[in-house]
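*Asks:*
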Amino acid sequence: MRIRIGSIKLNAMADFSTYIGIDVQAVQKPYFYTALNGNLETIACGHGRLGDVLAYLAGQSTALVAINAPVSAQIPEDSLYQEGLFSPEQIKQTVVARTGDSELTARGFQFFQPVGNVKKLPLWVERSLELTAGMKQLGYDNTGERNKRSFFETQSDAGYWLATGTMPYESRSLEGRLQRQLLLYEFGFPLKDPMVFLEEFTRYRLRTSQVPMEQILPAHELRAIFSAATAWLVDMRPDAVECVGQPGQGEIIIPKEFSKK
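Structure follows, in structure tokens:
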């Protein structure tokens, strides 16, 4: 065995042939995925319902999937209370057992979309849990067993924060999209350089509605690409990622160095 990252066991470099990032939202078509090969080339992307993304995942022989949403929602074990990871107030509120969230919060990260109370899971979290349940039925695993088809939870905003040392703007805002596209551009993805976009953002173009907004990807696409790149880093550059939280209790794997070199 080469290394273990949280619940992911890796035997050798390039364990997987496909690296998939999935972003989950509370919309009619809640899943957007991007798939990369070992050379970081985009081989597929799609936006659809649960059946659509599961159909694509079912066709993969080897794949490592990073889901940009919670993949577990459980009541914390007593041992976690004793270790001080949850306050008495949180226990009374029946919190979700997510040690990764708790650790990130303790380290200063601010969540744009908190998971909230386990009795009132946000719709996007419900959609994520439906996705992971479907993936397990297809044979995808996140328990630490050796598997050619594995998945893990990531958090793209936290990854940006840890890799750059700054809290990003909200992902759907223009400035937030520019930030994330810049990071992906510098990573090596063939995207429009946001700095060139800003140079073209003239007074005339703004007044006449000619700003080339199509050059900047929407937030869900950027999050999916970031997540797919994180899956690639887990396999190809495990030293560049960090596992936050405890395995099986809401662990989150995020890049601490967002670079392919």
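So the sequence shown is residues 783 to 1043, counted in this note's numbering. Cβ coordinates follow ideal geometry from the N, Cα and C atoms, glycine included.
Going by DSSP, what residue range makes up the alpha helix (DSSP H) through Ala-840?
*Replies:* That run of the alpha helix (DSSP H) goes 832 to 840.
*Asks:* Is the region 1021 to 1041 touching the region 815 to 833 in the sense that three or more CB pairs, one from each, lie closer than 8 Å?
*Replies:* no
*Asks:* Taking all protein chains shown into account, decide if Met-995 is buried (16 or more other Cβ within 10 angstroms of its Cβ) or exposed.
*Replies:* exposed
*Asks:* Restricting to Cα atoms, I'd like to know which of Pro-852, Tyr-815, Asn-821, Ala-851 is closest to Leu-839.
*Replies:* Relative to Leu-839, the option among Pro-852, Tyr-815, Asn-821, Ala-851 whose CA is nearest is Tyr-815.
*Asks:* Taking the alpha carbon of Ala-940 as the reference point, which residue from Val-1023, Glu-957, Ile-802 has its own alpha carbon closest?
*Replies:* Val-1023
*Asks:* If we ignore side chains and look at the alpha-carbon of each, how far apart do Leu-911 and Pro-852 end up?
*Replies:* Cα-Cα distance, rounded: 7 Å.
*Asks:* For Glu-885, does the three-state DSSP call read helix, strand or coil?
*Replies:* helix
*Asks:* Could you tell me the alpha carbon to alpha carbon distance between Pro-1029 and Arg-987, rounded to whole angstroms?
*Replies:* 50 Å
*Asks:* Let me know the secondary structure DSSP gives Ser-1009 once reduced to three states.
*Replies:* helix
*Asks:* Just grab the DSSP bridge partners of Asp-975 for me.
*Replies:* Asp-975 is not bridged to any residue.
*Asks:* Using only CA atoms, which one of Gln-963, Leu-822, Asn-929, Phe-971 lies nearest to Trp-725?
*Replies:* Nothing can be reported for residue 725: it is not among the residues displayed for the chain, which extend from 783 to 1043.
*Asks:* What separation, rounded to the nearest whole angstrom, lies between the Cα atoms of Glu-1003 and Asp-805?
*Replies:* 8 Å
*Asks:* Which same chain residues end up closer than 6 Å to Thr-800 when comparing Cβ atoms and leaving out the 5 residues on each side of it in sequence?
*Replies:* Ala-817, Gln-842, Ala-845
*Asks:* Could you check what DSSP says for Pro-904 in three-state terms: helix, strand or coil?
*Replies:* coil
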